[in-house]
Structure formats: C-alpha cells, structure tokens
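Chemist: Mapping to UniProt numbering: the sequence shown position 82 is 82, numbers consecutive. Backbone N, C-alpha and C define an ideal beta-carbon position, used for all residues, glycine too. Owing to the predicted nature of the structure, the values given are computational and were not obtained by experimental measurement.
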Amino acid sequence: MKPVKVGLLGLGTVGTGVVRIVEGHQEDLSSQVGSPIIIEKVSVKNLEKARSIEIEQSKLTEDPWEVIRDPEIDVIVEVMGGVEQTKKYILEALDRGKHIVTANKDLMALYGAEIMAKALEEQCDVFYEASVAGGIPIIRTLIEGFSSDRIVKIMGIVNGTTNYILSKMSQEDASYEDVLKEAQELGYAEADPTADVEGLDAARKMVILGSLGFRTNVELSDVDVRGISGVSKEDIAYAKKLGYEMKLLGIADRQDDEFSVSVQPTMVKKSHPIAAVNGVFNAVYVHGEAVGETMFYGAGAGEMPTATSVVADLVAVVKNLKLGVNGLKAMVPFKQKKLKTDEQIAYKNFLLLEVDDKAGVLAQITQVFGEYDVSLESVVQSPNEHTPDAEIIIVTHHATKANMNKVLKHFESLKVIRRIKSVYRVEG
Ligand SMILES: NC(=O)C1=CN([C@@H]2O[C@H](COP(=O)(O)OP(=O)(O)OC[C@H]3O[C@@H](n4cnc5c(N)ncnc54)[C@H](OP(=O)(O)O)[C@@H]3O)[C@@H](O)[C@H]2O)C=CC1
Ligand SMILES: N[C@@H](CC=O)C(=O)O
Ligand code: NA
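1. What first and last residue would you give for the alpha helix (DSSP H) that runs through Ala-239?
2. Is Asn-159 buried or exposed, if buried means 16 or more other CB atoms sit within 10 Å of its CB?
3. Does ligand 3 have even one heavy atom less than 6 Å from the beta-carbon of Glu-182?
4. Are there any heavy atoms of ligand 3 lying less than 6 Å away from the beta-carbon of Ala-133, as far as the coordinates show?
5. So the candidates are Lys-45, Lys-168, Val-426, Asn-405; which of them puts its Cα closest to the Cα of Trp-65?
6. Rounded to the nearest angstrom, what separates Thr-216 and Ala-113 at their Cα positions?
7. Go to His-272, then tell me how far its alpha helix (DSSP H) extends in each direction, as first and last residue.
8. Taking the continuous alpha helix (DSSP H) assigned at Phe-369, which residues delimit it?
9. Tell me, which residues are paired with Met-246 by DSSP?
10. Which partner residues of His-99 appear in the DSSP bridge assignment?
11. Using the beta-carbon count (16 or more within 10 Å), is Val-77 buried or exposed?
12. Does the distance between the C-beta of Ile-136 and the nearest non-hydrogen atom of ligand 3 fall short of 6 Å?
13. Return the Cβ separation of Asp-235 and Ser-30 in integer angstroms, given the expectation that the two are a contact with Cβ distance under 8 Å.
14. Can Asp-63 and Val-83 be called in contact, C-beta distance under 7 Å?
15. Which residues share a DSSP beta bridge with Asp-253?
16. Closer than 8 Å is the cut-off here; do at least three beta carbon pairs connect the stretch 115-122 with the stretch 273-288?
17. Of all the CB atoms in chain C, is at least one closer than 7 Å to the CB of Arg-425?
18. In this structure, how does DSSP classify Thr-341 when only helix, strand and coil are distinguished?
19. Kindly indicate the opening and closing residues of the alpha helix (DSSP H) around Ile-392.
20. Measuring CA to CA, which of Thr-61, Gly-227, Ser-211, Asp-257 is closest to Ile-139?
21. Round the Cβ separation of Lys-240 and Ala-275 to the nearest angstrom and send it over; I've been treating them as touching at under 8 Å.
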C-alpha cells in the first residue's frame, strides 16, 4: 500500500507528541497497517517559534487551508484547538474526502452530531479518542466494548488540571494558585484555565461520554456544571475527616430512558476506587446493567499520553482505509433525549452550616429537613475546635434535588443559620 499522508493542524503539546510517536514508532506502526505513515504538512500559528522536535521547515505553514486543500493528504489530525474556525476546516476536509482525527473536545461537544453526520455522508472516519481522558481508550470502550450492554452510570474524573489541584491541596496543603500555575507549566491546563477550574472542560467531556454511553444527543446545556474555584482547604479537611476525598466528578446516570448529567465537586467515600485517583490522572467508572461495575484509569492529559490516543486513532483510520470501510463505523445517536427532572435526580448531600451557638438550634434545623422529606445519615456539631463559631456538618441520605433546593431556600430565612458555608454531593 502506498504511504498514508497526514496533515497535522497544530504543533503544540499534543502535536509535538504526535510527531514523536509517528516518527519514533514508525516501524511498529507501518507493520500494523501495512504502509508507512508520513506527516506531510503541519500548520502552526507562528513559523518563527522554537520547536522541541526537529521538523523540516518546508513542511510548516501558517495557513491551515494549505493543509486542508492539499490533494496528497489522506488524513487530517487536528490538534490546534478552537471551535468555530476549526469546524470550518474539519467540514471542508470532510468535503474533500479526508478522514479526521481530533483531540478537540470543545469542538466535538458542541458540533459532534453535525460533524458525524457529515462524516457519514462523505463516508469518512472521524475519531476523537484523545478528546476525553487523554490517554485512556474510553471512547472506543464505550462504542465497542459496551455495545452489548445498557450503561446506567458513568462517573468520571475527566479533567487532569482540577484533579491535580485538588490532590495537591489535599495531600500537600498547597495553595490553589501555586498548583494551578504548576499544572499550566506542565501543559495540562487549557490556554484559558477558567474552562478547567469552572468545570466547563469536564462538562464538554461528559457531553461526549453521555452521548456515547446513552446513545442519545447530550448537549452542553443539559449538563449541570459547577467548578472547583469555591472549594476551600476547610472543605477538603472536613471531607477527609469524614472519610471522603473531594473530587471534581462528572456524573451521567440513567434510570429507564431518563438521564441526568452533572459536573460538580463531590465528596467520594475513600473506599470507592475513584477516590484514590490522584494528580493529573483521570478515571472513568462505568456501570452497565449486565457487566456491573468497571473502571478505566490513566493519564488524562499531557504530551505523550494524549498523542498515544491520537496516533491510535490514526492507525484505526489507516486500517479502515485498507479494508475500505471508512465512515461505516460512526456511532450516531439514535435514542430520543429524555432528561430527568429535579424530582427524579437524587443523591446524598454534605452541608456545612455556621449557626448560632444556643439551645434548640439543631432541632429547628432537623425539623426543616423533615418538612421536605429529607432524612439524615449523620449530624456532627462543632466538628472543629479551632473555629470560634458553632458549626454543624450534616450528611443526608439520598434526597431529591427538588427537595434539597427547598431545604436550602428555607435555610436562607432560618434565623439560627448564620451562613450555609458549603454544600456538596456525596458519592460512594
Ligand atoms: N494538552 C493536553 O494535555 C490535551 C489537549 N487536548 C486538546 O488538544 C488540542 C491541542 O492542545 P495543545 O496541544 O495542548 O495546545 P497548544 O496550545 O499547546 O498547541 C496548539 C497548536 O496549534 C497551533 N495553532 C493555534 N492556533 C492556530 C491558528 N489559528 N492557526 C494555525 N495554528 C494554530 C499553535 O501554533 P504555535 O505552536 O505556532 O503557537 C500550536 O502549535 C486542544 O483541542 C486541546 O483541548 C486534549 C487532551 C489533552
Ligand atoms: N485541560 C485538560 C486537558 C485535557 O483534556 C485537562 O486538564 O484535563
Ligand atoms: Na481517551
């Protein structure tokens, strides 16, 4: 078979890893697919920028269209990021019959359905394994490994930057700002780290996992999102004291055909395997009706882990080329979307309340829970001997989101509660 020619859009953290793997593993790759894989052209933003790999200057261009429109190129590997303009490049490349490999979760979360429809029309492959949980083959697992099952819950640590921050805050008592800076220097964080810390990056990844897992069209607006910027050292300390770890969890769960998807800082029981996932590592826990509980663990970001998934997708495209089956394996959502209401979403909650230090306070508070049908698993009063204020920590049993919202609303006008300091979902 003649060499397969690849056009690379982007030569940053991930693009550099892609070049390293394609060149460094060339013998292995070509023996798997039966032909050499050649990086023909690469688009970058700045031609003058120093690169940590050697690449022929003549292959570089500042114009992505030059790559897209090159008739010699069979596959476009998009690792430049961006959404609107990048979508135009991808659609035009598909129009020209080129196959796509992308690591771009922003693009796939927003326009995945449109891009996959176009891919089917053009009989082209679009693979995006690196877009969720960088080095973990979770997308392939959901599409192929679980094709025989009905997934009822997906729970993921899918943002490396925030897991790195929470782990360091928990283990080393490090400050939020210092750890975020480290994550940026290590190439984990997005160009604008707000997307990481405010949960948007994780939400985009949960859109992709939810759509594949539930075989429906999950959209960003369906995801209830809260990031980690409000998580304090005190919250983490209380979590640990009660036997939990604080994690930014994406949770997609389904009952019958109705589902909900959220991203929020969550207290996870230490005995749950996902509580032990630290640093930049990601993990995705998948519960299938037939298979039961499974979990997938690995590096979620960084040059080489992410590039591993990108190049594995490239290999899949080339194997399909050999078999002449490109574009036939796209997973297109087919189930009608039915979101759970707040009356159907239920989980345990942790609350930290600052209250008046006088008799009868606890009784008033527990009465409110009773009024809205929320039963309590544990109540601990003044758990911290160092604070001058009286504090109460409450863990509820499973309560509906609707009822918990009523409790919190009621608390706002309950005079004995000075402040609702924290509220977190509890899992495990
Ligand atoms: N970093 C990671 O760990 C992970 C990243 N991803 C995703 O992979 C993609 C790439 O990420 P990453 O490698 O970190 O990003 P970088 O910012 O490190 O690299 C982006 C690359 O694209 C080039 N580029 C950016 N804008 C343009 C433009 N308008 N025209 C031409 N070239 C452009 C840049 O050029 P120049 O070099 O000249 O600046 C650079 O080479 C993103 O979608 C990201 O979300 C997914 C999983 C993990
Ligand atoms: N910023 C992202 C990079 C990978 O998708 C993360 O921290 O996980
Ligand atoms: Na992946």
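Modeler: By the coordinates alone:
1. Mapped onto the sequence shown, residue 239 falls at position 239. Taken as a continuous stretch (DSSP letters only), the alpha helix (DSSP H) holding Ala-239 covers 233-241.
2. Position 159 of the sequence shown, counted from the first residue, corresponds to residue 159. Answer is buried; the Cβ neighbour count reaches 16.
3. One-based indexing of the sequence shown puts residue 182 at position 182. Incorrect: Glu-182 has no Cβ contact closer than 6 Å to ligand 3.
4. Along the sequence shown, read from residue 1 onward, the residue named residue 133 stands at position 133. Answer for Ala-133: yes, Cβ within range of ligand 3.
5. The sequence position of residue 65 within the sequence shown is 65, counting from 1. Out of Lys-45, Lys-168, Val-426, Asn-405, the CA that lies nearest to the CA of Trp-65 is found in Lys-45.
6. Indexing the sequence shown from 1 puts residue 216 at position 216. Indexing the sequence shown from 1 puts residue 113 at position 113. Those two C-alpha atoms are separated by around 10 Å.
7. Your numbering for residue 272 matches position 272 in the sequence shown. Per DSSP, His-272 belongs to no alpha helix (DSSP H) and is neither H nor E.
8. Stepping through the sequence shown from its first residue, residue 369 is reached at position 369. The continuous alpha helix (DSSP H) containing Phe-369 extends over residues 361-371.
9. Counting from one through the sequence shown, the residue named residue 246 turns up at place 246. Note: Met-246 sits in a beta bridge opposite Met-267.
10. Position 99 of the sequence shown, counted from the first residue, corresponds to residue 99. DSSP output for His-99 lists Val-75 as bridge partner(s).
11. As a first step, residue 77 is located in the sequence shown; it is residue number 77 there, counting from the start. In summary, Val-77 is buried, with 16 or more beta-carbon neighbours lying within 10 Å of its beta-carbon over all protein chains present.
12. On the sequence shown, position 136 is the one that residue 136 refers to. The answer is yes for Ile-136.
13. Here residue 235 refers to the residue found at position 235 when the sequence shown is read from its first residue. Here residue 30 refers to the residue found at position 30 when the sequence shown is read from its first residue. At roughly 52 Å, the Cβ-Cβ gap does not stay under 8 Å, so Asp-235 and Ser-30 are not in contact.
14. Here residue 63 corresponds to residue number 63 of the sequence shown, with the count starting at 1. Here residue 83 corresponds to residue number 83 of the sequence shown, with the count starting at 1. The answer is no: Cβ separation not under 7 Å.
15. As a position in the sequence shown, residue 253 is number 253, starting the count at 1. Paired residues: Lys-153, Ser-260.
16. Fewer than three beta-carbon pairs drawn from the stretch 115-122 and the stretch 273-288 are found closer than 8 Å, and the two stretches are therefore not classed as touching.
17. Here there is only one protein chain, and chain C is not present.
18. For the purposes of this step, residue 341 is taken as the residue at position 341 of the sequence shown. Three-state result, Thr-341: coil.
19. Here residue 392 refers to the residue found at position 392 of the sequence shown. That residue, Ile-392, is in no alpha helix (DSSP H); its beta strand (DSSP E) goes 390-396.
20. Against the sequence shown, residue 139 aligns to sequence position 139. The residue with the shortest Cα to Cα distance from Ile-139 is Ser-211.
21. The residue given as residue 240 occupies position 240 in the sequence shown. The residue given as residue 275 occupies position 275 in the sequence shown. Actually they are not in contact, since the Cβ atoms of Lys-240 and Ala-275 sit about 11 Å apart, beyond 8 Å.
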